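Asker: Using our numbering, read the sequence shown as starting at 56 and increasing by one per residue. From the three backbone atoms N, C-alpha and C, an ideal C-beta is built for every residue, glycine too. It should be emphasised that the depicted structure is a prediction, and the values quoted were computed from it without experimental measurement. Take this structure, written in C-alpha cells, and hold onto it; I'll ask about it next.
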Amino acid sequence: KMYNIVLRWGGMVTFFLKGGLEESRQFLENLKVFALAESLGAVESLAEHPAIMTHAAVPPDQRKKLGISDSLVRLSVGIEDVNDLVRDLKQALAAIKPSRKSKL
C-alpha cells in the first residue's frame, strides 16, 4: 500500500519570512531537523532558499517578476515526527533577529 505513505506524509510548503536575505539566512542556519538542500525530493525534510540557491543565476529584476524574493523559503516535508518538525520551525523562527535593513 505505497499510496498510503504518499497520502499520509510529505508535502511542499512555500512561504515568505518577514524581512529579507539576512532573516532568511538566520532562519535556515538555525534549522536542526530540516536540512538545507537545492533538490527537494527526498524522504527527509529539506529547506531551500531559491534566491540564493536554485535561482541565484537569475537577475534580481527577473526573480522579482517570478515572485522569488529574498524572503522566500521552500520546505519539503519528510517523514520525521510532526512534533519534531513543528518544534524545529518554531525554534528557527524564534532565532531570527531583524536586521536594520529589513522591512518589518
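Buried or exposed, going by whether 16 or more other CB atoms sit within 10 Å of the CB of P114?
Answerer: Indexing the sequence shown from 1 puts residue 114 at position 59. Exposed, by the Cβ-count rule.
Asker: Measuring straight from C-alpha to C-alpha, what distance separates D116 and Q81?
Answerer: Numbered from its first residue, the sequence shown carries residue 116 at position 61. Numbered from its first residue, the sequence shown carries residue 81 at position 26. Those two C-alpha atoms are separated by around 24 Å.
Asker: In whole angstroms, what is the alpha-carbon distance linking G133 and R118?
Answerer: The residue given as residue 133 occupies position 78 in the sequence shown. The residue given as residue 118 occupies position 63 in the sequence shown. Each residue's Cα considered, the two are about 27 Å apart.
Asker: Please state the DSSP three-state secondary structure of I60.
Answerer: Here residue 60 refers to the residue found at position 5 when the sequence shown is read from its first residue. Below a pLDDT of 50, predicted positions are generally treated as unreliable, and I60, at 42, falls in that range; the measurement from the model is reported next regardless. DSSP places I60 in helix when its eight states are reduced to three.
Asker: Does the distance from the C-beta atom of D143 to that of L86 stay below 9 Å?
Answerer: By one-based count along the sequence shown, residue 143 stands at place 88. By one-based count along the sequence shown, residue 86 stands at place 31. The answer is yes: Cβ separation under 9 Å.
Asker: Assign A149 to one of three DSSP states: helix, strand, or coil.
Answerer: As a first step, residue 149 must be located in the sequence shown, where it is residue number 94. Here A149 sits in helix by DSSP.
Asker: Since G74 and S126 are thought to touch, with beta carbons under 8 Å apart, how far apart are those beta carbons, to the nearest angstrom?
Answerer: Here residue 74 refers to the residue found at position 19 of the sequence shown. Here residue 126 refers to the residue found at position 71 of the sequence shown. So it is a contact: roughly 6 Å between Cβ atoms.
Asker: According to DSSP, is L159 helix, strand or coil?
Answerer: Taking the sequence shown and counting its residues from 1, one reaches residue 159 at position 104. Unreliable placement is indicated for L159, whose pLDDT of 48 sits below 50; no coordinate value is reported for it.
Asker: Buried or exposed for V141, going by 16 or more other Cβ atoms inside 10 Å?
Answerer: What you label residue 141 is simply residue 86 of the sequence shown in a count that begins at 1. Looking at its Cβ environment, which holds fewer than 16 other Cβ atoms inside 10 Å, V141 is exposed.
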